[in-house]
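Below is one structure; the comments refer to it alone.
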Amino acid sequence: MTSTLPRVRDRVAPPVRSRFAAVLRRGLWWGVLSLTGGVERRGRLPRGGCVVVANHSSHADTAALLAALDARHTPAIGAAADYWFASPWRRRICRRLAAGFPVRRGGGGMDDLLSMADELRSGRAVVLFPEGTRGRDGELGSFHRGALVLAGQAGVPVVPVGIAGTDRLLPKHGRLRSALVQVSIGDPLPSAVTPKEVRDAVVALHSRTVAEPLRDSAARRRVASVVTSRRGVPLAFVWALAEALSWPLMPELLLGAVCAAVPRVALKMSLGALAGSLAGGLLALQLASAGVQLPAPLTTDRMRAEVRGELALEGASAVRHQPWNGIPFKVYGAEAGRAGVPALDWLGASAAARGSRTLTLGLGFAAFGLLMRRHRRHYGRCLILLGGGFTVGLSLIVHGWS
Numbered sequence: 001m002t003s004t005l006p007r008v009r010d011r012v013a014p015p016v017r018s019r020f021a022a023v024l025r026r027g028l029w030w031g032v033l034s035l036t037g038g039v040e041r042r043g044r045l046p047r048g049g050c051v052v053v054a055n056h057s058s059h060a061d062t063a064a065l066l067a068a069l070d071a072r073h074t075p076a077i078g079a080a081a082d083y084w085f086a087s088p089w090r091r092r093i094c095r096r097l098a099a100g101f102p103v104r105r106g107g108g109g110m111d112d113l114l115s116m117a118d119e120l121r122s123g124r125a126v127v128l129f130p131e132g133t134r135g136r137d138g139e140l141g142s143f144h145r146g147a148l149v150l151a152g153q154a155g156v157p158v159v160p161v162g163i164a165g166t167d168r169l170l171p172k173h174g175r176l177r178s179a180l181v182q183v184s185i186g187d188p189l190p191s192a193v194t195p196k197e198v199r200d201a202v203v204a205l206h207s208r209t210v211a212e213p214l215r216d217s218a219a220r221r222r223v224a225s226v227v228t229s230r231r232g233v234p235l236a237f238v239w240a241l242a243e244a245l246s247w248p249l250m251p252e253l254l255l256g257a258v259c260a261a262v263p264r265v266a267l268k269m270s271l272g273a274l275a276g277s278l279a280g281g282l283l284a285l286q287l288a289s290a291g292v293q294l295p296a297p298l299t300t301d302r303m304r305a306e307v308r309g310e311l312a313l314e315g316a317s318a319v320r321h322q323p324w325n326g327i328p329f330k331v332y333g334a335e336a337g338r339a340g341v342p343a344l345d346w347l348g349a350s351a352a353a354r355g356s357r358t359l360t361l362g363l364g365f366a367a368f369g370l371l372m373r374r375h376r377r378h379y380g381r382c383l384i385l386l387g388g389g390f391t392v393g394l395s396l397i398v399h400g401w402s
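In the UniProt record's numbering, the protein residues as written are 1 to 402.
Here you go:
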């Protein structure tokens with residue numbers, strides 16, 4: 001009797017090691033999809049084992065399900081044996097990253113499916129794509145009976161799932177691009193249902209998910225309309241140029257607002273801001289060397305004294321301290337002009353210092369925008385937090401250098 005206890009225990013719940021691997025896979029794919037546009041789930045799987053059936057239009061469907069389904073079900077994905085298990089490296093990728101098991105499409109597939117019955121009884125979720133292949137243009141093909149036979153053999157329900165967005169994220173024979181992925185989990189169905197009834201349930205979930213608009217913020221839409229027009233890059237250039245001369249608001253504040261709203265414009269807006277900073281810094285140097293003193297609000301005598309000391313010791317390379325010490329770029333430009341720093345030396349050193357800061361922050365704000373894409377309706381609140389954080393930070397910097 002004692003020799004059978006381990007097998008009985010294995011059937012009660014998936015092994016701890018399998019659950020831990022499922023948690024890692026879910027975290028991996030949630031992270032990947034968050035960077036490519038986000039993943040959103042609605043509904044939950046029932047307690048215990050179940051057969052999950054979903055529409056299939058992209059290789060990204062597997063990633064979407066692994067990111068959305070509960071790790072406690074330790075999902076296992078049925079994969080085409082003639083494709084995913086045709087070579088050792090594909091087999092390793094499929095097993096380790098997708099918990100895949102082979103299903104033959106040319107005969108013997110039913111035996112492959114029924115071999116998972118014990119896994120279902122132990123509480124796992126077995127994910128199958130009943131179409132047997134990826135569809136095109138969002139159209140669902142006919143469903144095969146294998147998933148229903150497996151559910152009946154194991155005595156578990158069938159759960160329909162509709163996946164939307166993966167056909168835009170990674171189209172069949174297409175390139176990866178940014179898109180929000182949505183996974184809608186339906187109510188459990190008895191294993192006695194027909195393939196047509198299961199297909200109709202998946203079609204209804206998919207159609208409803210596709211038709212439901214993503215809630216957005218009016219403020220985000222207005223910002224997006226500006227930065228995606230011809231005014232976007234010139235706005236970044238002029239803002240950064242003005243800040244390098246006298247304007248007290250850093251271009252990073254603008255980049256935070258626009259890159260979080262429209263992540264795809266992050267690089268060109270950051271480059272526009274960088275060009276404006278360099279042009280403004282060079283102009284500030286020339287004006288100061290000619291004796292012109294521009295207004296410099298929110299700067300202090302201690303800032304200017306610190307910069308004069310750095311320039312005396314390091315020359316143009318002293319500007320490398322600017323991204324980290326809180327002293328505005330306009331102070332460095334003006335003091336470099338008064339110290340007689342050569343324009344070309346100044347341009348090269350400031351390009352390295354400002355470039356590292358501007359591009360890093362711009363792309364960082366874009367990554368935040370991608371992570372928050374499904375919460376874009378809260379963009380107005382993000383703007384308030386950004387403005388409040390900037391105000392507090394600037395106050396602390398000015399106070400610290402007073």
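C-beta: ideal position from N, C-alpha, C; glycine also.
When the Cβ atoms of the region 35-46 are set against those of the region 173-188, are three or more pairs found closer than 8 Å?
-> Taking 8 Å as the limit for Cβ pairs, the verdict is that the region 173-188 does touch the region 35-46.
Using a Cβ-Cβ cut-off of 7 Å (strictly less than) and excluding sequence neighbours within five positions of R11, which residues of its own chain qualify?
-> Reading the sequence shown from its first residue, position 11 is the one you call residue 11. Low confidence applies to R11: its pLDDT is 40, below 50, so where it sits in the model is not reliable, and the reading given next is rough at best. These residues qualify, in order along the chain: D118, R121 and S122.
Does DSSP put F365 in a helix, a strand or coil?
-> Numbered from 1 along the sequence shown, position 365 holds the residue referred to as residue 365. In the structure shown, F365 sits in a helix (DSSP, three-state: H, G or I).
Using the rule of at least 16 other Cβ atoms within 10 Å of the residue's Cβ for burial, across every protein chain shown, is N325 buried or exposed?
-> Locating residue 325 in the sequence shown gives position 325, counting from the first residue. That one is exposed.
Compute the Euclidean distance between the alpha carbons of P102 and V238, then round it to the nearest angstrom.
-> The residue labelled residue 102 in the question sits at position 102 within the sequence shown. The residue labelled residue 238 in the question sits at position 238 within the sequence shown. Just so you know, the alpha carbons of P102 and V238 end up roughly 58 Å apart.
Cα separation between I93 and A352?
-> Here residue 93 refers to the residue found at position 93 when the sequence shown is read from its first residue. Here residue 352 refers to the residue found at position 352 when the sequence shown is read from its first residue. Spanning the two alpha carbons is a distance of roughly 40 Å.
For L128, the residue or residues it bridges with in DSSP | For this step, residue 128 is matched to residue 128 along the sequence shown. According to DSSP, which records beta bridges pairwise, L128 is partnered with V53.
Cβ-Cβ distance between A147 and P160 below 7 Å | By 1-based counting over the sequence shown, the position of residue 147 is 147. By 1-based counting over the sequence shown, the position of residue 160 is 160. No, Cβ-Cβ distance for A147 and P160 is not below 7 Å.
So Q322 is in the beta strand (DSSP E); what residue range does that whole segment cover?
-> On the sequence shown, residue 322 is found 322 positions in, with the first residue counted as 1. It is not in any beta strand (DSSP E) - Q322 instead sits in the alpha helix (DSSP H) that spans Q322 to N325.
Meets three-Cβ-pair contact criterion under 8 Å: the region 355-369 and the region 263-280 = Using a C-beta cut-off of 8 Å, the region 355-369 makes contact with the region 263-280, since at least three inter-stretch Cβ pairs fall below that distance.
Should L176 go down as buried or exposed, given a rule of 16 or more other Cβ atoms within 10 Å for buried?
-> On the sequence shown, position 176 is the one that residue 176 refers to. L176 should be labelled exposed.
Going along the chain, which unbroken runs of the alpha helix (DSSP H) with 4 or more residues stay wholly within the region 148-226?
-> Under the rule that a run must span 4 or more residues, the alpha helix (DSSP H) segments found entirely inside the region 148-226 read 166-169 and 195-211.
Would you mind stating whether A288 and R338 have Cβ atoms separated by less than 7 Å?
-> Taking the first residue of the sequence shown as 1, we reach residue 288 at position 288. Taking the first residue of the sequence shown as 1, we reach residue 338 at position 338. Cβ atoms of A288 and R338: closer than 7 Å.
From the DSSP output, in three-state form, read off G333 for me.
-> Position 333 of the sequence shown, counted from the start, is the residue given in the question as residue 333. Reduced to three states, the DSSP call for G333 is helix.
Where DSSP assigns a beta bridge to V39, which residues make up the other side?
-> In the sequence shown, residue 39 corresponds to position 39, counting from 1. DSSP, once it has assigned bridges, lists V181 as partnering V39.
If you drop the 5 nearest sequence neighbours on each side, which residues of the same chain put their C-beta closer than 7 Å to that of residue 404?
-> With the chain running from 1 to 402 in the structure shown, residue 404 is simply not present.
Pick from R145, G48 and G256: whose alpha carbon is nearest that of L114?
-> As a working mapping, residue 114 is identified with position 114 in the sequence shown. With distances taken between Cα atoms, L114 lies closest to R145.
State the start and end residues of the unbroken alpha helix (DSSP H) segment that holds residue 415.
-> Residue 415 lies beyond the range of the chain shown here (1 to 402); nothing can be said about it.
Compute the distance between the beta-carbons of R96 and A80, then report whether it is under 7 Å.
-> The residue given as residue 96 occupies position 96 in the sequence shown. The residue given as residue 80 occupies position 80 in the sequence shown. A80 is positioned such that its CB atom lies no closer than 7 Å to that of R96.
Looking at R220 and Y332, is the spacing between their C-beta atoms short of 7 Å?
-> The count along the sequence shown starts at 1 and reaches residue 332 at position 332. The count along the sequence shown starts at 1 and reaches residue 220 at position 220. One thing to note: Y332 has its Cβ no nearer than 7 Å to the Cβ of R220.
Nearest to L371 by CA position, among P328, S34 and W29, is which residue?
-> Locating residue 371 in the sequence shown gives position 371, counting from the first residue. When each option's Cα is compared against that of L371, the closest is S34.
Between L66, D70 and G276, which lies nearest to T358 when the distance is taken from Cα to Cα?
-> One-based indexing of the sequence shown puts residue 358 at position 358. Considering only alpha carbons, the answer is G276.
Excluding the 5 residues preceding and the 5 following P328 in the sequence, name in chain order all residues of the same chain whose CB lies nearer than 7 Å to its CB.
-> Looking up residue 328 in the sequence shown gives position 328. Counting only Cβ-Cβ distances below 7 Å, and skipping sequence neighbours, we find T299.
Tell me, which residues are paired with A76 by DSSP?
-> Taking the first residue of the sequence shown as position 1, residue 76 is located at position 76. Paired residues: V126.
To the nearest whole angstrom, what separates the beta carbons of P190 and P157, a pair I think is in contact under 8 Å?
-> Here residue 190 corresponds to residue number 190 of the sequence shown, with the count starting at 1. Here residue 157 corresponds to residue number 157 of the sequence shown, with the count starting at 1. Right, the Cβ-Cβ distance comes to about 6 Å (below 8 Å), so this counts as a contact.
Taking S350 and K172 to be in contact with their CB atoms under 8 Å, please state how far apart those CB atoms are, rounded to whole angstroms.
-> Counted from its first residue, the sequence shown places residue 350 at position 350. Counted from its first residue, the sequence shown places residue 172 at position 172. Actually they are not in contact, since the Cβ atoms of S350 and K172 sit about 48 Å apart, beyond 8 Å.
Measuring CA to CA, which of L394, G348, R308 and S317 is closest to E252?
-> Your numbering for residue 252 matches position 252 in the sequence shown. Relative to the Cα of E252, the nearest Cα in the group L394, G348, R308 and S317 belongs to L394.
By Cβ distance below 6 Å, which residues in the same chain neighbour G355 in space, the five residues on each side in sequence not counted?
-> If you number the sequence shown from 1, residue 355 lands on position 355. Excluding positions up to five away in sequence, the list reads L274.
Can you say whether R124 is buried or exposed, counting buried as having 16 or more other CB atoms within 10 angstroms of its CB?
-> Your numbering for residue 124 matches position 124 in the sequence shown. Classification of R124: buried, given that the 10 Å Cβ count is 16 or more.
Given a threshold of 16 other Cβ atoms within 10 Å of its Cβ, counted over all protein chains shown, does E335 qualify as buried or as exposed?
-> If you number the sequence shown from 1, residue 335 lands on position 335. Counting the other CB atoms within 10 Å of its CB gives E335 a total of 16 or more, which places it among the buried residues.
Once you ignore the five residues that flank E197 on each side, which residues in its own chain have a CB closer than 8 Å to its CB?
-> Translated into the one-based positions of the sequence shown, residue 197 becomes position 197. Answer for E197: L189, listed in chain order.
Delimiting residues of the beta strand (DSSP E) encompassing P102 | Start at 1 with the first residue of the sequence shown, and residue 102 comes out as number 102. Per DSSP, the unbroken beta strand (DSSP E) holding P102 starts and ends at G100 to V103.
Helix, strand or coil at D112 [DSSP, three-state] | Counting from 1 along the sequence shown, the entry for residue 112 is found at position 112. It is helical.
Considering only residues of the same chain and omitting the five flanking positions on each side of G48, which have a CB-CB separation below 8 Å?
-> Counting from 1 along the sequence shown, the entry for residue 48 is found at position 48. For G48, where only same-chain residues beyond five positions count, the Cβ hits under 8 Å are G123 and V156.
Give me the Cβ distance between residue 406 and P297, rounded to the nearest whole Å; I'm assuming they're in contact under 8 Å.
-> This structure leaves residue 406 out entirely; the chain is present only between 1 and 402.
Inspect the CB distances between the region 227-247 and the region 277-285 and report whether three or more fall short of 8 Å.
-> Yes: the two stretches touch, three or more of their Cβ pairs being nearer than 8 Å.
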